[in-house]
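In the UniProt record's numbering, the protein residues as written are 1 to 681. Quick reminder that beta carbons are idealized off the backbone N, C-alpha and C, glycines included. Reading through the structure tokens given below for one structure.
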Amino acid sequence: MPCRAGDGAASSTRSSGVQPFGTPQPPSCLSMAGKPRHDGGARGVQDPMGCSGLGEAPPQPPPELPSPPSPLPQGGGLREGGQDPGLAATQRASGVGEEGKEVGLWKWDPMRQQRSPTNVPLWQHLARRAARSSLLVGSPTDGPRQPQSVPTMALAKLQKVLISDSLDPCCRDILQAGGIQVLEKPGLSKEELLVEIADCDGLIVRSATKVTAEVLEAAERLQVVGRAGTGVDNVDVEAATRKGVLVMNTPAGNSLSAAELTCGMILCLARQIPQAAASMKEGKWDRKKYMGMELNGKTLGVLGLGRIGREVATRMQAFGMKTIGYDPIITPETSATFGVEQLPLEQIWPRCDFITVHTPLLPSTTGLLNDSTFAKCRRGVQVVNCARGGIVDEGALLRALQSGQCGGAALDVFTQEPPKDRELVNHPNVICCPHLGASTREAQSRCGKEIAMQMVDMATGRGLAGVVNGQALSKAFAPQTKPWIALAKALGSVLRAAAKQAQGSLQLCTLGTPLKDAGSFLAPAVVSGMLAGGRQKEVTLVNALLLAQEAGLKVTASHSDVAPEPHGSSGLLQVSLQGTPLHAVGTVQGSTPLLLELGGATFKQPAPLAGHVLVYRAKASEPSTLPTLAGLLAKAGVQLQSYHSSGAVAGEQWSVVGLSAPLPDLAELKPRVTEAFQLHL
Numbered sequence: 001m002p003c004r005a006g007d008g009a010a011s012s013t014r015s016s017g018v019q020p021f022g023t024p025q026p027p028s029c030l031s032m033a034g035k036p037r038h039d040g041g042a043r044g045v046q047d048p049m050g051c052s053g054l055g056e057a058p059p060q061p062p063p064e065l066p067s068p069p070s071p072l073p074q075g076g077g078l079r080e081g082g083q084d085p086g087l088a089a090t091q092r093a094s095g096v097g098e099e100g101k102e103v104g105l106w107k108w109d110p111m112r113q114q115r116s117p118t119n120v121p122l123w124q125h126l127a128r129r130a131a132r133s134s135l136l137v138g139s140p141t142d143g144p145r146q147p148q149s150v151p152t153m154a155l156a157k158l159q160k161v162l163i164s165d166s167l168d169p170c171c172r173d174i175l176q177a178g179g180i181q182v183l184e185k186p187g188l189s190k191e192e193l194l195v196e197i198a199d200c201d202g203l204i205v206r207s208a209t210k211v212t213a214e215v216l217e218a219a220e221r222l223q224v225v226g227r228a229g230t231g232v233d234n235v236d237v238e239a240a241t242r243k244g245v246l247v248m249n250t251p252a253g254n255s256l257s258a259a260e261l262t263c264g265m266i267l268c269l270a271r272q273i274p275q276a277a278a279s280m281k282e283g284k285w286d287r288k289k290y291m292g293m294e295l296n297g298k299t300l301g302v303l304g305l306g307r308i309g310r311e312v313a314t315r316m317q318a319f320g321m322k323t324i325g326y327d328p329i330i331t332p333e334t335s336a337t338f339g340v341e342q343l344p345l346e347q348i349w350p351r352c353d354f355i356t357v358h359t360p361l362l363p364s365t366t367g368l369l370n371d372s373t374f375a376k377c378r379r380g381v382q383v384v385n386c387a388r389g390g391i392v393d394e395g396a397l398l399r400a401l402q403s404g405q406c407g408g409a410a411l412d413v414f415t416q417e418p419p420k421d422r423e424l425v426n427h428p429n430v431i432c433c434p435h436l437g438a439s440t441r442e443a444q445s446r447c448g449k450e451i452a453m454q455m456v457d458m459a460t461g462r463g464l465a466g467v468v469n470g471q472a473l474s475k476a477f478a479p480q481t482k483p484w485i486a487l488a489k490a491l492g493s494v495l496r497a498a499a500k501q502a503q504g505s506l507q508l509c510t511l512g513t514p515l516k517d518a519g520s521f522l523a524p525a526v527v528s529g530m531l532a533g534g535r536q537k538e539v540t541l542v543n544a545l546l547l548a549q550e551a552g553l554k555v556t557a558s559h560s561d562v563a564p565e566p567h568g569s570s571g572l573l574q575v576s577l578q579g580t581p582l583h584a585v586g587t588v589q590g591s592t593p594l595l596l597e598l599g600g601a602t603f604k605q606p607a608p609l610a611g612h613v614l615v616y617r618a619k620a621s622e623p624s625t626l627p628t629l630a631g632l633l634a635k636a637g638v639q640l641q642s643y644h645s646s647g648a649v650a651g652e653q654w655s656v657v658g659l660s661a662p663l664p665d666l667a668e669l670k671p672r673v674t675e676a677f678q679l680h681l
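In structure tokens form, the structure reads like this:
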């Protein structure tokens, strides 16, 4: 059904395909080759080293839907175009962006445009969080406290979380303070993990634990996997999405540590510090052998200008280095604000004395530095890779070192870890570390705190941050969106029951300015309603679009800013299944989902879609339908809670009946109606 804005109303409609979460989907960025870049399947779309530029599209704040304002204020962000996903987990009663304003364990640093730790003790921070989000308000001297209603939308009920890698104790403490049982068992074998995960609702890992499809299948109750770090290479995101398991990470947790290590690597390359130190330990005094170079006046090429890339650039500028770079998302105007001149890759290679990479490992970035690109570089170029093994072709790097085309390399990451081929590691001009980018006490503490807070926030309905495979859920998490999601699920259930199929082309249209950006989370909600009760084990907002694709259901979403009165200020949701005469139109009043139209028939009064509902279509002239229904209700001891009927179309009308419980049998009713079905919404 086309997107309609009412009789005679002119509307401007835009339409877009809706892609499943966790499957390759084009974000608003290009690959290194200039082609649309996908998320790399199981790798998700987050930047492995926190590079907001090359690894993730800027998150957008939730849309403002027609409802009373949320008690949780929305703050500013760390970067252009939207909120920092890692920051949302620590936003509370105070706003973000005011100088010196504390937010949880962090405060906003306006000079560096990022968070910095506060000196607030953990126990005091948890007490503040509890005071802000619990149902008790007041001070200890105020006398008895009064309950305060806080509308929230808990995505999951987390009772037990397994921590399978070594993490800062604060992670456990925060989870327990949030009422979650914690099982800490680092160093589990694969077989032991399969046993321990069976009755856990959440799993927190670093990089050692491999969350494979087999592990996910064994986790019958698992609802969320939290990666205390940035990359999710060790998590099968596609398998998690298919099962409806949310995957989240801490995109900003180790950015500073990784940036500082990169800067240290550049200094070590320039002055050969590790080689000189090793020589001293051997009892030598080779002053002439370790002649270095000054960084002042040298050119540094930064490939990837996200969180880490820009931190590296600004720090190395303090040494007098000229910084040039490339990023397909960050605009040249933006990079110029932190002193980086953006150039095409072909112009970067011959101009650099040093090159450092800060991109995710994607098909488009694998082997970014290879035999061809090394040949275009200035002879003796120095290369640093503290991002992901594989971005620099290790074979090509060794050949460039042996020929002198590359003067030195500093590597913290390898294609295979630990590397079995030691030729590159043992080269005298190579400095290497065992993947230490995030190995600082501060980064580990920060990541542990953030992932624990994100899980507690998700479970208690305070917010959703760091989502890898369900980005639309970040928008859907605001309390005012809950009834719209309920409406979308209900309309999907009605269409499925009436059409008796969940295949073909599902068309969704939002009308009215308040719903301008709501299609991204209403589409999976409609699909979850359509697929519920089918062959799929469990359909959630996380896996709905992926399961729809597998079920042969094509989903498209469109929007019109114009909605017919009296719904101009609230909005309408229209859903139709191509190839059938059915379409459904609904809205939200207060917190109640309402059905306005079904199959072209408009209801005389909007019909609530909640609880146990009986829906039937019958001839408008059939006098015995209501008496028969009354008899069925009396016989079953079921109470009639509401009754709404539509106008007649082709001599037939729809009726929606609210019941206290489902009717056990509709056999007596069916001869008197064209069709009838029951739903629990």
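Is it true that the CB of T510 sits closer than 9 Å to the CB of L436?
No; because the gap between Cβ atoms is not below 9 Å, this pair is not in contact.
Do the stretch 590 to 603 and the stretch 657 to 672 make contact, defined as three or more Cβ pairs closer than 8 Å?
Output reads no: the stretch 657 to 672 does not touch the stretch 590 to 603.
On the three-pair Cβ rule with 8 Å, is the stretch 383 to 392 touching the stretch 410 to 424?
Touching, yes, given that three or more Cβ pairs across the two stretches are closer than 8 Å.
Classify G259 as buried or exposed, calling it buried when 16 or more other Cβ atoms lie within 10 Å of its own Cβ.
The question names Gly, but residue 259 in the sequence shown is Ala. Per the 10 Å Cβ criterion, buried.
Out of L362, I329 and G504, which one is the CA nearest neighbour of A551?
Comparing Cα-Cα distances from A551 to each of L362, I329 and G504, the minimum goes to G504.
So A240 is in the alpha helix (DSSP H); what residue range does that whole segment cover?
Per DSSP, A240 belongs to the alpha helix (DSSP H) from V237 to K243.
Checking 9 Å against the spacing of the C-beta atoms, do R242 and L546 come in under that value?
Against a cut-off of 9 Å, the Cβ pair of L546 and R242 comes out as a contact.
In the DSSP assignment, find the unbroken alpha helix (DSSP H) run with K281 in it and report its ends.
Per DSSP, K281 belongs to the alpha helix (DSSP H) from I273 to K281.
Could you pull out every residue in the same chain whose Cβ sits closer than 6 Å to the Cβ of A213, ignoring the five residues on either side in sequence?
Around A213: D236 and A239.
For the structure I just gave you, are there three or more beta carbon pairs, one from the stretch 608 to 619 and one from the stretch 550 to 570, closer than 8 Å?
No, because fewer than three Cβ pairs between the stretch 608 to 619 and the stretch 550 to 570 fall closer than 8 Å, the two stretches do not touch.
Give the single residue among E442, A648, N429 and L640 whose Cα lies nearest to the Cα of S621.
Of E442, A648, N429 and L640, the residue nearest in Cα terms is A648.
Tell me whether the beta-carbon of L256 lies closer than 9 Å to the beta-carbon of E538.
No; because the gap between Cβ atoms is not below 9 Å, this pair is not in contact.
CB I355 to CB L369, shorter than 9 Å?
Going by C-beta atoms, I355 is nearer than 9 Å to L369.
Under DSSP, the beta strand (DSSP E) around L679 begins and ends at which residues?
Taken as a continuous stretch (DSSP letters only), the beta strand (DSSP E) holding L679 covers E675 to H680.
What distance in whole Å lies between the Cβ atoms of I324 and R351, which are believed to be in contact at a cut-off of 8 Å?
Yes, they are in contact, since the Cβ atoms of R351 and I324 sit about 6 Å apart, within 8 Å.
Mapping the DSSP letters down to three states, classify M291 as helix, strand or coil.
Coil, per DSSP.
Can you list, in chain order, the residues of its chain whose CB lies under 8 Å from that of A313, leaving out five sequence neighbours each side?
Same-chain partners within the cutoff: L300, V302, L305, T323, G325, F338, G339 and V340.
If distances are taken between C-alpha atoms only, which option among E423, N385 and A452 comes closest to C433?
The option with the nearest alpha carbon to C433 is N385.
So, is M453 buried or exposed, given that buried needs 16 or more other C-beta atoms within 10 angstroms?
By the neighbour-count rule (16 or more Cβ atoms within 10 Å), M453 is buried.
In whole angstroms, what separates the C-alpha of W484 from that of L640?
Using only the alpha carbons, I get a separation of about 25 Å.
Can you check which of these residues, A557, L515 and L398, is closest to P428 by C-alpha distance?
Minimum Cα distance to P428 is reached at L398.
With DSSP as the reference, label A667 as helix, strand or coil.
DSSP places A667 in coil when its eight states are reduced to three.
Would I163 and Q275 qualify as a contact pair, given that the criterion is a beta-carbon distance under 9 Å?
No, the pair does not count as a contact, with Cβ atoms beyond the cut-off.
Apart from the five residues just before and just after P332, which ones in its own chain have a Cβ nearer than 7 Å to its Cβ?
Here the set comprises Q342.
Enumerate, from N- to C-terminal direction, the unbroken beta strand (DSSP E) stretches of 3 or more residues contained entirely within the stretch 187 to 213.
Listed in chain order, they are 202 to 205.
Would M248 and A465 qualify as a contact pair, given that the criterion is a beta-carbon distance under 9 Å?
For M248 and A465, yes; Cβs fall inside 9 Å.
If you follow the beta strand (DSSP E) that L397 is in, where does it begin and where does it stop?
No beta strand (DSSP E) contains L397, which is instead part of the alpha helix (DSSP H) from E394 to S403.
In the DSSP assignment, what are the bridge partners of H644?
DSSP output for H644 lists V656 as bridge partner(s).
So, at 7 Å on beta carbons, what are the nonlocal neighbours of P581 in its own chain, with the 5 sequence-adjacent residues on each side left out?
Hits under 7 Å: G599.
Identify which residue in V656, A667 and K604 has its Cα closest to the Cα of G631.
The candidate whose alpha carbon is nearest that of G631 is A667.
Helix, strand or coil, according to DSSP, for P606 in the structure here?
DSSP places P606 in strand when its eight states are reduced to three.
Tell me, please, which residues DSSP counts as bridged to T592.
According to DSSP, which records beta bridges pairwise, T592 is partnered with Q589.
Name the one or two DSSP bridge partners that R221 has.
Paired residues: none, contrary to the question.
Have a look at the DSSP bridge pairing and note the partners of S528.
None, per the DSSP bridge assignment.
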